[in-house]
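A short write-up of the structure that comes next.
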Amino acid sequence: MTECIFCKIVAKKIPARIIHEDDLAIAFEDINPQAPIHILIIPRRHISTALEITQADHALIGHLFQVGAEIAQTRGIAEKGFRLVMNTNADAGQAVFHIHLHLLGGRAMHWPPG
Numbered sequence: 018m019t020e021c022i023f024c025k026i027v028a029k030k031i032p033a034r035i036i037h038e039d040d041l042a043i044a045f046e047d048i049n050p051q052a053p054i055h056i057l058i059i060p061r062r063h064i065s066t067a068l069e070i071t072q073a074d075h076a077l078i079g080h081l082f083q084v085g086a087e088i089a090q091t092r093g094i095a096e097k098g099f100r101l102v103m104n105t106n107a108d109a110g111q112a113v114f115h116i117h118l119h120l121l122g123g124r125a126m127h128w129p130p131g
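Each residue of the sequence shown is one higher than the one before, starting from 18 at the first, in our numbering.
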């Protein structure tokens, strides 16, 4: 996926404010934050949408959520609350077609979200 901006971040071809890296995932600050804390958590492997997640990806998806929880703890927002969101396709707001979790926190979240 040479045209995918997130694949380029994983490959270090474009800069990002990376706050977590491991063998499966990378997390970085969103360039257009929607909350005081807005971090994107992505798998290193390209998966376009949640519709492409297979049984073989279950451990990877669980890992993304675990990374999100760990970052929430280290950023001090775990106790008050945070949101982990994965948008799927354009009508849901997915702008980059490489699955990613949005970790949002640092303020009260409203419901419904949109």
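C-beta: ideal position from N, C-alpha, C; glycine also.
Source: prediction; values computed, not measured.
Three-way DSSP call (helix, strand, coil) for residue i in this model
i	result
I88	helix
E96	coil
I31	coil
H127	coil
H75	helix
H80	helix
Where the beta strand (DSSP E) through residue i begins and ends
i	result
H102	For the sequence presented, residue 102 should be read as Val rather than His. That run of the beta strand (DSSP E) goes F99 to V102.
I22	First-last for I22: I22 to V27, but that is the alpha helix (DSSP H), not the beta strand (DSSP E).
P60	I54 to P60
A44	A42 to E46
With 16 other Cβ atoms within 10 Å as the buried cut-off, status of residue i
i	result
G110	exposed
G93	exposed
Supposed contact pair residue j and residue i - C-beta distance, whole angstroms, cut 8 angstroms
i	j	result
H80	A42	6 angstroms
L118	F99	That pair is no contact at about 11 angstroms.
F45	R34	6 angstroms
Beta-ladder partner(s) of residue i, from DSSP
i	result
A107	A107 is not bridged to any residue.
L120	I56 and L101
H37	A44
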